[in-house]
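Asks: From first to last, the protein sequence lines stand for chains P and V. Under our numbering, residue 289 is the last one in the first sequence; the count climbs by one each step, no gaps. Under our numbering, residue 577 is the last one in the second sequence; the count climbs by one each step, no gaps. Glycine included, each C-beta is placed from N, C-alpha and C at the ideal position. Starting off with a structure, shown below.
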Amino acid sequence: MTVLEARDVSYQYSVGTPFQITALEHISFSVEKGELLAIIGHTGSGKSTLIQHFNALLKPTSGQILLYGKDINETKETARDARFKVGLCFQYPEYQLFESTVYKDIAFGPGNMGLSKEEIDARVRRAAAFVGLTEPMLEKSPFDLSGGEKRRVAIAGVMAMEPEVLIMDEPAAGLDPRGRRKILEMIENYRRQTGSTVIIVSHSMEDVASLAERILVLNHGKIARMGTVDEVFSHAEELQNMGLNIPQLTGIFTRLNQLGYGVNPLTYTVEQAKTEILRYLHKGGAADG
Amino acid sequence: MENDSLIKFNDVSYRYESDTDTPLPLAIKNIDLDIRKGEFVAVLGHNGSGKSTLAKLANAILAPESGKIFVNGMDTSDESLEYEIRQTVGVVFQNPDNQIVATIVEEDVAFGPENLGIEPKEIRRRVDDALKSVGMYEYRFHEPHKLSGGQKQRVAIAGIMAMQTECIILDEPTAMLDPKGREEVMKAMQRLNKELGVTIVLITHYMDEAVKADRVIVMDSGRIVLDGTPRQVFAEEETIEKAGLELPDCAKLAHALKRSGVNMPSDILTPDEFVEAFQRCVSGGGVL
Numbered sequence: 001m002t003v004l005e006a007r008d009v010s011y012q013y014s015v016g017t018p019f020q021i022t023a024l025e026h027i028s029f030s031v032e033k034g035e036l037l038a039i040i041g042h043t044g045s046g047k048s049t050l051i052q053h054f055n056a057l058l059k060p061t062s063g064q065i066l067l068y069g070k071d072i073n074e075t076k077e078t079a080r081d082a083r084f085k086v087g088l089c090f091q092y093p094e095y096q097l098f099e100s101t102v103y104k105d106i107a108f109g110p111g112n113m114g115l116s117k118e119e120i121d122a123r124v125r126r127a128a129a130f131v132g133l134t135e136p137m138l139e140k141s142p143f144d145l146s147g148g149e150k151r152r153v154a155i156a157g158v159m160a161m162e163p164e165v166l167i168m169d170e171p172a173a174g175l176d177p178r179g180r181r182k183i184l185e186m187i188e189n190y191r192r193q194t195g196s197t198v199i200i201v202s203h204s205m206e207d208v209a210s211l212a213e214r215i216l217v218l219n220h221g222k223i224a225r226m227g228t229v230d231e232v233f234s235h236a237e238e239l240q241n242m243g244l245n246i247p248q249l250t251g252i253f254t255r256l257n258q259l260g261y262g263v264n265p266l267t268y269t270v271e272q273a274k275t276e277i278l279r280y281l282h283k284g285g286a287a288d289g
Numbered sequence: 290m291e292n293d294s295l296i297k298f299n300d301v302s303y304r305y306e307s308d309t310d311t312p313l314p315l316a317i318k319n320i321d322l323d324i325r326k327g328e329f330v331a332v333l334g335h336n337g338s339g340k341s342t343l344a345k346l347a348n349a350i351l352a353p354e355s356g357k358i359f360v361n362g363m364d365t366s367d368e369s370l371e372y373e374i375r376q377t378v379g380v381v382f383q384n385p386d387n388q389i390v391a392t393i394v395e396e397d398v399a400f401g402p403e404n405l406g407i408e409p410k411e412i413r414r415r416v417d418d419a420l421k422s423v424g425m426y427e428y429r430f431h432e433p434h435k436l437s438g439g440q441k442q443r444v445a446i447a448g449i450m451a452m453q454t455e456c457i458i459l460d461e462p463t464a465m466l467d468p469k470g471r472e473e474v475m476k477a478m479q480r481l482n483k484e485l486g487v488t489i490v491l492i493t494h495y496m497d498e499a500v501k502a503d504r505v506i507v508m509d510s511g512r513i514v515l516d517g518t519p520r521q522v523f524a525e526e527e528t529i530e531k532a533g534l535e536l537p538d539c540a541k542l543a544h545a546l547k548r549s550g551v552n553m554p555s556d557i558l559t560p561d562e563f564v565e566a567f568q569r570c571v572s573g574g575g576v577l
């Protein structure tokens, strides 16, 4: 079932000034229920502009954003509804923490939704559990936490609104490898357990390859490609020309494949890569090398 | 050689001030470190390991609780030397929004050299060069606040480049950049280092960037746990993982294959090295 759809969306910044910039041009695509879609594109390609359209923070200059088939910009009420159903987590969301305790910060979003106290409490605890925050941490000041913990508090704040679509802009940026892996596992668990649709924007081709089902590639405000991970990463040169890349291991396996070794070029993770090389060596691949 | 030393830490410890009566633990513990002129040093460590504190100490933003730091022989605890120390060591921080001061890109880049009293013609040249080397020249008349995060970061880097400090410390400058932006910034840093002899200290979470440095330092809980060439440091898989870090994927794969009995060397750092080693391995029969 289609949850979100962009129908011929174009957007211009600073219309009527010398700085008028077309940020998005004729964008059309749809996102299915429960899907994990990744959006990649060079800096300035329009990724952040695009996702701000999905919860009516920006209104298309032309075209429509549909949530369950209904235009979210039709009335004030539909826009407000979209803001609750589509949760948007910005880059470096920890800079937006402001409450005196972690609990209050997570409760801020659901608190605006007109829910009962009990419901808010239940949501805060559920969201905290998703991101691995313990009970004693809820009473701490968010400013006494480490960078990675703050990030998780901020994400929990969006999850607590229990949006049907969770959109995250660079959720792992600036984290060390372990923090990075934790955040990504957390997102995957959240999606599996709630059945929510998740859209992530990322510059890490490795993260995208290991997490996403489909990838949308933006280039200068236009859709350059949309498809499965394999479809997108089989176009290495095209991606590189757009300022992007393929994961490091995919690069290695593409090279090996070109050199005549019978390995699958579309290999992404260390685990897959190990299995693939062992398979190749065991079937006596030494002969065709 | 002693006079080759640019930044020298002698048994330095530092702790941040606490809001309560209980003092915070030391953020930096008894660090001895000597960064020599012309080096390209990468500093790795998990979030909270003390990397950024190290940068702030080297730039005299923070003064050590105990021990001494010398920048070109100047004691960073001596406040009268602050100005001269910051003209020697410039810092580019993680978040460019806190570093941009002007309303036009090229004015922002000119801000530093203007304050150093450099003549206008020279400023013009430096600003143009710096913007070109970070790939932002065509945006020189744009408003910085309308740029994307990655573009802003490149403007901030150009601002420090234009001051031509002897040393630039970059605190995760590429965290917000796309692959091409990262590569451009990395190339700009390498060019500054190799062609102009600028000493570079790069704090990063990207292992593939650290691999390109002359020297890699790994921090864990306020201490230096590894210090050596990339090859020496990344051979210590266990210490690296204990410090909350990971090897580059190609190195991880080589180690995993070796453990499964495949004849691969354990000191692979780059995709090229992996491909070569794999070819040698296959022609030699593959399995140990």
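1. Within 10 angstroms of the Cβ of G114/P, are there 16 or more other Cβ atoms? Answer buried if so, exposed if not.
2. Should V378/V and A419/V be called a contact, given that it needs their Cβ atoms to be closer than 8 Å?
3. Helix, strand or coil for V86/P, going by three-state DSSP, please let me know.
4. Using a Cβ-Cβ cutoff of 8 Å, what residues of the segment 526-556 of chain V are near chain P? List them in chain order.
5. Give the secondary structure of K501/V by DSSP, where H, G and I count as helix, E and B as strand, and everything else as coil.
6. Any Cβ of chain V within less than 8 Å of the Cβ of I277/P?
7. With a Cβ-Cβ cutoff of 8 Å, do I529/V and V551/V count as a contact?
8. Going along chain V in order, which residues have a C-beta closer than 8 Å to the C-beta of E206/P?
9. Could you check whether A127/P and M159/P sit closer than 8 Å to each other, using their CB atoms as the reference points?
10. At the 8 Å Cβ level, is A316/V part of the contact set with chain P, yes or no?
11. Which same chain residues, not among the five before or five after I449/V, have their C-beta less than 6 Å away from its C-beta?
12. Since V15/P meets chain V, which of its residues come closer than 7 Å, beta carbon to beta carbon?
13. Can you name the start and end residues of the beta strand (DSSP E) that V490/V belongs to?
14. Check whether the Cβ atoms of V360/V and L295/V sit closer than 8 Å, and answer yes or no.
15. Are the CB atoms of G327/V and A532/V nearer to each other than 8 Å?
16. Quick one: using the 10 Å Cβ neighbour count with 16 as the cut-off for buried, is M290/V buried or exposed?
17. Look up F430/V in the DSSP assignment and say whether it is helix, strand or coil.
18. So, using beta-carbon positions, are P468/V and Q248/P closer together than 8 Å?
19. Taking only beta-carbon atoms, is G243/P less than 8 Å away from chain V?
20. Expressed to the nearest angstrom, what Euclidean distance is found between the alpha-carbon atoms of D561/V and I246/P?
21. I want to verify the contact list: residues of chain P whose CB lies under 7 Å from the CB of L466/V, in sequence order.
22. Mind checking G260/P: buried by the 16 CB within 10 Å criterion, or exposed?
23. When Cβ atoms are compared, which residues of the segment 433-455 of chain V fall closer than 8 Å to chain P?
24. For Y103/P, which option in R125/P, Q91/P, L88/P and R83/P has the closest C-alpha, if you only look at C-alpha atoms?
25. Examine chain V for any beta-carbon lying closer than 8 Å to the beta-carbon of I72/P, and answer yes or no.
26. At the 8 Å Cβ level, is A286/P part of the contact set with chain V, yes or no?
27. Output, in chain order, the set of chain P residues within a Cβ distance shorter than 9 Å of D497/V.
28. Taking only beta-carbon positions, decide if G195/P is within less than 8 Å of chain V.
29. Between V229/P and chain V, is there a C-beta pair that is closer than 8 Å?
30. Report the rounded CA-to-CA distance for R292/P versus E149/P, giving the unit in angstroms.
31. Using CA atoms only, rank isn't needed, just tell me which of L50/P, P18/P, I187/P and R255/P is closest to E5/P.
32. Establish whether the CB of G132/P and some CB of chain V are separated by less than 8 Å.
33. Beta strand (DSSP E) containing I39/P: first to last residue?
34. With respect to the beta strand (DSSP E) encompassing V381/V, which residues constitute its N-terminal and C-terminal limits?
35. With DSSP as the reference, label V564/V as helix, strand or coil.
36. Kindly list, in the order they appear in chain C, the residues whose Cβ is closer than 7 Å to that of F567/V.
Replies: In this structure, then:
1. Per the 10 Å Cβ criterion, exposed.
2. Judged by beta-carbon spacing, A419/V lies beyond the 8 Å limit of V378/V, meaning their Cβ atoms are not closer than that value.
3. Taken through DSSP and simplified to helix, strand or coil, V86/P comes out as strand.
4. From the segment 526-556 of chain V, only G533, L534, E535, P537, D538, C539, K541, L542, A545, L546, S549 and V551 have a Cβ closer than 8 Å to chain P.
5. DSSP places K501/V outside both helix and strand once states are collapsed to three, so it counts as coil.
6. Output row for I277/P: interface = yes.
7. Judged by beta-carbon spacing, V551/V lies beyond the 8 Å limit of I529/V, meaning their Cβ atoms are not closer than that value.
8. The contacting residues are D538.
9. Yes.
10. With respect to chain P, the C-beta atom of A316/V has no partner C-beta closer than 8 Å.
11. These residues qualify, in order along the chain: G379, V381 and I457.
12. For V15/P, no chain V residue has a Cβ inside 7 Å of its Cβ, as the nearest lies near 14 Å away.
13. Membership of V490/V in the beta strand (DSSP E) is indicated by the continuous run T488 to I492.
14. Yes, the Cβ-Cβ distance between V360/V and L295/V is below 8 Å.
15. When the beta-carbon positions are compared, G327/V and A532/V stay at least 8 Å from each other.
16. In this predicted model, M290/V has a pLDDT of only 47, less than 50, meaning its place in the structure is not dependable enough to derive any value.
17. In the structure shown, F430/V sits in coil (DSSP, three-state: anything other than H, G, I, E or B).
18. Cβ distance not < 8 Å, so P468/V and Q248/P don't count as in contact.
19. So, interface residue.
20. Rounded to the nearest whole angstrom, the C-alpha separation of D561/V and I246/P is 15 Å.
21. Simply T43 and H203.
22. It is exposed - the Cβ of G260/P has fewer than 16 other Cβ atoms within 10 Å.
23. Going along the segment 433-455 of chain V in chain order, one finds K435, L436, S437, G438, G439 and Q440 with a Cβ nearer than 8 Å to chain P.
24. Taking only the C-alpha atoms, the option nearest Y103/P is R125/P.
25. With 8 Å as the cut-off, I72/P does not count as an interface residue toward chain V.
26. Note that A286/P has pLDDT 48, beneath the 50 cutoff, so the model's placement of it is unreliable and no number is given.
27. Result: Q248.
28. Contacts with chain V at 8 Å (Cβ-Cβ) do not include G195/P.
29. No, V229/P lies away from the interface with chain V (no Cβ there is under 8 Å from its Cβ).
30. Residue 292/P is absent from the structure shown; chain P starts at 1 and stops at 289.
31. If we check each option's Cα against that of E5/P, L50/P comes out closest.
32. By this cut-off, G132/P is not an interface position.
33. Counting along the chain, I39/P sits inside the beta strand (DSSP E) bounded by residues L36 to G41.
34. Segment V378 to V381, the beta strand (DSSP E) holding V381/V.
35. In the structure shown, the three-state DSSP call for V564/V is helix.
36. Going by chain labels, chain C is absent from the structure shown, which instead holds the protein chains P and V.
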